[in-house]
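First up is the structure itself, then whatever we jot down about it.
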Amino acid sequence: MESTIKTDTEFAKDVLEGLSAKPKHLSSKYFYDEKGDKLFQKIMGLPEYYLTKKEFSILDSHKVEILADLLASPSFNLVELGAGDGLKTKILIRYLQNEKANFTYYPIDISGSVLRELKTDLQQSFPALDVQPIKGTYKRALEERKWENQHPSLLLFLGGNIGNFTYQEAFSMLNRIARSLKSGDYLLVGFDLKKDPATILKAYNDAEGVTRDFNLNILSRINKELGGNFDMAKFKHWPTYDPVTGECRSYLVSSEKQKVEVKDLKRTFYFENAEAIHTEISKKYSHEELEELAVKSGFRVIRDFDDPDHYFTDALWQKQ
């Protein structure tokens with residue numbers, strides 16, 4: 016009897032497709048499992064990783080202006096794509112609770128462990144908060160719209176997560192978000208801005224090597240979940256940045272000619288010396304690009320909230 020290839024999960028299918036492709040590629044969404052979640056929490060605290068600190072300062076400085084229109088509503092939904100640890104969102108939640116706002120928080124994340132920890136943490140910090148976690152991919156969550164009711168919504172897409180898409184993919188994603196919202200609903204989306212290339216590269220190649228371990232974790236997952244035999248020591252973390260396109264790309268580069276078996280896929284994958292697996296894109300934007308994206312996607316720009324150094328912006332848009 017012919018044995019079947021185990022592709023009963025999205026992860027297995029994507030790994031098979033990505034490692035069979037030329038050039039090879041794997042999706043950055045698979046960095047995240049329990050180990051990957053912890054590594055990313057560590058990355059956010061690194062001195063080189065400015066994104067979290069800059070956005071934190073923006074939300075703290077501009078929470079009143081960001082939430083002014085929603086507070087005029089008797090009730091509303093606060094929806095967040097890629098909720099993570101909720102650290103930045105707590106700034107908004109704390110302010111809303113102090114203002115006696117009536118709202119429900121819907122955190123969306125691909126990681127069940129992250130959502131469980133977040134809900135427990137929020138219930139301890141804000142016992143009266145109504146939290147309704149939604150586990151799943153962005154695509155599925157936006158299609159299902161479990162938060163949808165007669166009340167207005169503010170959808171949060173923070174942390175520069177939109178940067179994990181190319182410009183065209185970002186347009187498609189933002190258009191999908193627009194279709195999931197009612198006319199008059201709001202989107203607050205974080206964008207990393209174009210700046211000194213050296214500053215950007217350091218953020219993705221920290222001295223401690225945490226980002227390297229985070230990138231390599233995708234190979235660890237293949238070993239653990241799909242029976243792979245990747246040798247981490249034979250792959251190098253390699254980030255690049257193009258100041259024209261604003262694209263920072265991360266790769267895992269094979270340090271020698273080698274073959275890797277993935278038992279559950281019943282495949283052997285061959286690597287040449289210096290052959291790369293593309294694992295992540297982190298696109299940086301100009302304000303001109305943002306205005307164009309907003310209009311094309313079906314929004315109007317309310318305001319861009321920058322940090323004082325203009326490293327990062329949280330853009331507040333309204334669905335047309």
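Converting from the sequence shown to my numbering requires adding 15 to each position, the first position being numbered 1.
Glycine included, every Cβ here is placed at the ideal spot set by N, Cα and C.
Please read all numbers here as calculations on a predicted model, not as lab measurements.
Per the C-alpha coordinates, the member of Glu159, Asp228, Gly261 positioned closest to Ala248 is Asp228. A straight-line Cα-Cα distance of about 43 Å links Tyr219 and Pro89. Secondary structure note for Asp48: it is in no beta strand (DSSP E), with a DSSP letter that is neither H nor E. The residues Trp253, Ala291, His293, in chain order, have a CB closer than 6 Å to that of Tyr266 in the same chain once the five nearest residues on each side in sequence are set aside. In the three-state reduction of the DSSP assignment, Gln333 falls in the strand class, which pools E and B. Here Leu170 is actually not in contact with Pro148; their C-beta atoms are around 15 Å apart, not less than 8 Å.
The Cβ atoms of Phe46 and Asn232 lie closer than 8 Å to each other. A residue is called buried once 16 or more other Cβ atoms fall within 10 Å of its Cβ, and Pro167 is buried on that count. Assignment of beta strand (DSSP E) within the stretch 85 to 156, counting only whole runs of 3 or more residues, yields 91 to 96, 118 to 124 in chain order.
Using a Cβ distance threshold of 8 Å, Phe320 and Leu331 count as a contacting pair.
With a contact defined as Cβ atoms closer than 8 Å, Glu63 and Lys217 qualify at about 4 Å.
For Arg236, same chain residues with a beta-carbon under 8 Å away, outside a window of 5 residues either side, are Phe26, Tyr45, Asp48, Gly51 in chain order.
Assigned with DSSP and collapsed to three states, Leu231 falls in helix. Residues Asp100 of the same chain have their beta carbon placed closer than 7 Å to that of Gln56, with the five preceding and five following residues left out of the count. Pairing Leu66 with Gly174 gives a Cβ-Cβ distance under 8 Å. The alpha carbon of Gln273 has as its nearest neighbour, out of Tyr153, Val225, Thr283, the alpha carbon of Thr283. If the five residues before and after Ile58 are omitted, its C-beta is found closer than 7 Å to the C-beta atoms of Tyr64, Val225, Thr226, Phe229, all from its own chain and listed in chain order. CA-CA distance, Gly313 to Val204, rounds to 14 Å.
For Ser270, the CB contacts under 7 Å within the same chain, skipping 5 residues up- and downstream, are Lys249, Phe250, Lys251 in chain order. Under the three-state reduction of DSSP, Glu262 is assigned to strand. Here Lys150 is not near Tyr326, since their CB atoms are 8 Å or more apart. Taken in chain order, the whole alpha helix (DSSP H) runs of length 4 or more contained in the stretch 161 to 201 are 182 to 195.
Excluding sequence positions up to five before and after Leu54, its CB lies within less than 7 Å of the CB of Val225, Asp228, Phe229, Asn232, all in the same chain and listed in chain order.
The straight-line gap separating the alpha-carbon atoms of Phe245 and Val316 is approximately 46 Å. Taking C-beta atoms under 8 Å as the contact rule, Thr152 and Ile296 fail to qualify, at a distance of about 17 Å. When Cβ pairs closer than 8 Å are counted between the two stretches, the stretch 113 to 120 is seen not to touch the stretch 190 to 200, the count staying below three. About 6 Å separates the Cβ atoms of Gly97 and Asp124, confirming a contact at the 8 Å cut-off.
A direct Cα-to-Cα measurement between Ser43 and Glu262 gives close to 15 Å.
Within the same chain, and ignoring the five residues on either side of Leu61 in sequence, the residues whose Cβ sits closer than 7 Å to its Cβ are Asp221, Glu223, Val225.
Of the residues assessed, Asn92 falls on the buried side of the cut-off, its CB having 16 or more other CB atoms within 10 angstroms. In the structure shown, Lys298 adopts extended strand secondary structure according to DSSP, grouped into three states.
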